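If you're matching positions, the sequence shown starts at 3 in our numbering and goes up one per residue.
Idealized CB from N, CA, C, for every residue including glycine.
Small disclaimer: the values here were computed from a predicted structure and weren't measured.
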Amino acid sequence: MRLQKFIALAGIASRRKAEEIISQGRVTVNDEVKSEMGVIVTDDDIVKVDGKLIELAEEKVYILLNKPAGYVTTSKDQFGRPNVIDLIPEIKERVYPVGRLDYATSGMLILTNDGDYANKMMHPSKNVNKTYEARIKGVPTKPEMERFKTGIEIDGVKTFPASIKIIKNEGSSCIVSIKISQGRNRQIRKMCDEIDHPVISLKRTAIGDIQLRDLKEGEWCYFTID
Numbered sequence: 003m004r005l006q007k008f009i010a011l012a013g014i015a016s017r018r019k020a021e022e023i024i025s026q027g028r029v030t031v032n033d034e035v036k037s038e039m040g041v042i043v044t045d046d047d048i049v050k051v052d053g054k055l056i057e058l059a060e061e062k063v064y065i066l067l068n069k070p071a072g073y074v075t076t077s078k079d080q081f082g083r084p085n086v087i088d089l090i091p092e093i094k095e096r097v098y099p100v101g102r103l104d105y106a107t108s109g110m111l112i113l114t115n116d117g118d119y120a121n122k123m124m125h126p127s128k129n130v131n132k133t134y135e136a137r138i139k140g141v142p143t144k145p146e147m148e149r150f151k152t153g154i155e156i157d158g159v160k161t162f163p164a165s166i167k168i169i170k171n172e173g174s175s176c177i178v179s180i181k182i183s184q185g186r187n188r189q190i191r192k193m194c195d196e197i198d199h200p201v202i203s204l205k206r207t208a209i210g211d212i213q214l215r216d217l218k219e220g221e222w223c224y225f226t227i228d
């Protein structure tokens, strides 16, 4: 199989991220650096990433976690902040988050060692909706909410069409449901800033058809895919 697929199936990263790792010269096959795409490997080859031997994951696992605010989803953090992996010490397989949630954002996070599944869920071409519940300052008007549907320019690039719906009006603030199909850095916070209704708190409640269920913050469970 192709080297990037091998890395993904080994649970190191998604296939897309695996291609980046290869191009950075961090992968060796039989102690030779391989930085080009298309390299074919077999079961007899010795594959290492950053000098560490990797092997195919024996069993695919899919984990649903209710991430508390105050945890990072990156593999390394220069500030030494708590990592979501710390919340699943019982898991022996090497899993990684499917996409990310900001440090200050809570809610649904999928972790897996299935790189193909991760790529399917997060690749922009798949248009998988992510649903969030946010408390924002003030109450947006219809014209302001319409901007979500037409796209809002953030960091010089217009967002894909999104939706925002008021769930509860609390006067000085309100609870809204927001759906986006992208995963740009701090996207919802930036979109709400652009309509002058900054986010107070943010929680992801669903990815596609997968719901957070009744998991409490910090709790997790296994789930299966079709």
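Proximity to ILE212 [Cα-Cα], best of HIS199, THR133 and ILE180: Selected option, being the one with the closest Cα: THR133.
Proximity of ARG186 and MET110 at Cβ, strictly below 7 Å: It is not a contact, given that the beta carbons lie outside the stated cut-off.
Three-state secondary structure (DSSP) of GLY109: It is a strand residue.
One or two residues paired with ARG186 in a DSSP bridge: Its beta-bridge partners do not exist; DSSP assigns none.
C-alpha gap between ARG188 and ASP47, whole angstroms: Near 40 Å, if we compare the C-alpha coordinates of ASP47 and ARG188.
N-terminal and C-terminal residue of the beta strand (DSSP E) that SER174 is part of: From DSSP, SER174 is part of no beta strand (DSSP E); its letter is neither H nor E.
Continuous alpha helix (DSSP H) stretch holding ALA164: start and end: Per DSSP, ALA164 belongs to no alpha helix (DSSP H) and is neither H nor E.
contact_flag[the segment 137–156, the segment 170–184] where n(CB pairs < 8 Å) is 3 or more: By the Cβ test, the segment 137–156 is in contact with the segment 170–184, since at least three Cβ pairs between them sit closer than 8 Å.
Nearest-angstrom beta carbon gap, PHE162 and SER183 [assumed within contact, 8 Å]: At roughly 5 Å, the Cβ-Cβ gap stays under 8 Å, so SER183 and PHE162 are in contact.
Given GLY158 as reference, the closest of MET193, ALA164, ILE169 and LEU67 once Cα atoms are compared: Ranked by how close their Cα comes to the Cα of GLY158, the residues MET193, ALA164, ILE169 and LEU67 have MET193 in first place.
Contact between the segment 90–104 and the segment 5–16 (3+ Cβ pairs under 8 Å): Three or more beta-carbon pairs separated by less than 8 Å link the segment 90–104 to the segment 5–16, which places the two stretches in contact.
HIS125 versus ILE180: straight-line alpha-carbon distance, rounded: Rounded to the nearest whole angstrom, the C-alpha separation of HIS125 and ILE180 is 19 Å.
Proximal residues to GLY40 (C-beta, below 7 Å), its chain only, five neighbours per side dropped: Closer than 7 Å at Cβ, skipping near neighbours: ARG4.
Local conformation of LYS62 per DSSP, three classes: Reduced to three states, the DSSP call for LYS62 is coil.
Cβ neighbour criterion (16 or more within 10 Å) applied to PHE81: Counting of Cβ neighbours within 10 angstroms places PHE81 among the exposed residues, the total staying below 16.
Simplified DSSP assignment, three categories, for VAL100: Under the three-state reduction of DSSP, VAL100 is assigned to coil, being neither helix nor strand.
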